[in-house]
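Participant:
In the working numbering, the protein residues as written are -12 to 156.
#1: Please report how far the alpha carbon of residue -9 lies from the alpha carbon of residue 60, in whole angstroms.
#2: Among 97, 11, 75, which has the Cα closest to the Cα of residue 53?
#3: Who are the Cβ neighbours of residue 103 in its own chain at under 7 Å, not counting the five residues just before and after it?
#4: In terms of alpha-carbon separation, which member of 23, 28, 30 lies closest to residue 36?
#5: Mind checking which residues open and close the alpha helix (DSSP H) that includes residue 145?
#6: Confirm the yes/no value for this check: CB of residue 4, any heavy atom of the ligand COA, distance under 7 Å.
#7: Just to confirm my understanding: we take residue 67, look at its own chain, exclude 5 residues before and 5 after, and list those with CB closer than 7 Å. What are they?
#8: Mark residue 106 as exposed unless 16 or more other C-beta atoms lie within 10 angstroms of its C-beta, in which case mark it buried.
#9: Can you tell me where the beta strand (DSSP E) holding residue 61 begins and where it ends?
#10: Looking only at its own chain, which residues have a Cβ that is under 6 Å from the Cβ of residue 34, when we skip the five neighbours before and after it?
#11: With a threshold of 16 other CB atoms inside 10 Å of the CB of residue 145, please say whether the residue is buried or exposed.
#12: For residue 120, which residues in the same chain have their Cβ closer than 6 Å to its Cβ, ignoring the five residues on either side in sequence?
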């Protein structure tokens, strides 16, 4: 459900993300993910909620008079045993965490490539986001996500098969 909701109507199990948009100063936005609830606080701020188990990408960018001071992206699975993250309550399972514009830009391009395949990035195998995190963290190239990998992930998830090696669920 998108639209305006009152704070007391948020479901208890939702993961909430506070978004701020002050153009060219502070820009927090959701790059992908199914927003289940949305509350506008004022012209510049809103809180969005994500259902347990859903994945989303949260981008934070800020600048001052001298230029960019922060550029981050986190991919989070809501409602899982969680790690804390600024502006995300209560937190979530952090699948990917990158900072610095070159790495953030590289990931945004990878997300665009996944969408060009007709795949919703929120449905991508969690182990792929971990793979990208691990590779970009040490400035190494990563494998592109493909249709075969996605089909295999969907089949494993549908039958409840244990995760592949290196994948947590």
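Ideal Cβ positions, reconstructed from N, Cα and C, are used throughout, including at glycine.
Facilitator: Reading it off the structure:
#1: The predicted position of residue -9 is uncertain, since its pLDDT is 44 and thus under 50; no value can be drawn from it.
#2: Residue 53 has its Cα closest to that of 11, out of 97, 11, 75.
#3: Result list for residue 103: empty, nothing under 7 Å.
#4: The shortest Cα separation from residue 36 among 23, 28, 30 belongs to 23.
#5: Residue range 134 to 146 is occupied by the alpha helix (DSSP H) that includes residue 145.
#6: By its list of ligands, the structure shown contains no ligand whatsoever, and the ligand COA lies outside what it can speak to.
#7: Apart from the 5 residues on each side of it in sequence, residue 67 sits with its Cβ closer than 7 Å to the Cβ of 79, 80 in its chain, given in chain order.
#8: Buried, by the Cβ-count rule.
#9: In the DSSP assignment, residue 61 falls within the unbroken beta strand (DSSP E) covering 54 to 72.
#10: Within the same chain, and ignoring the five residues on either side of residue 34 in sequence, the residues whose Cβ sits closer than 6 Å to its Cβ are 3, 5, 26.
#11: It counts as exposed.
#12: Excluding residues within five positions, the ones whose Cβ falls inside 6 Å are 83.
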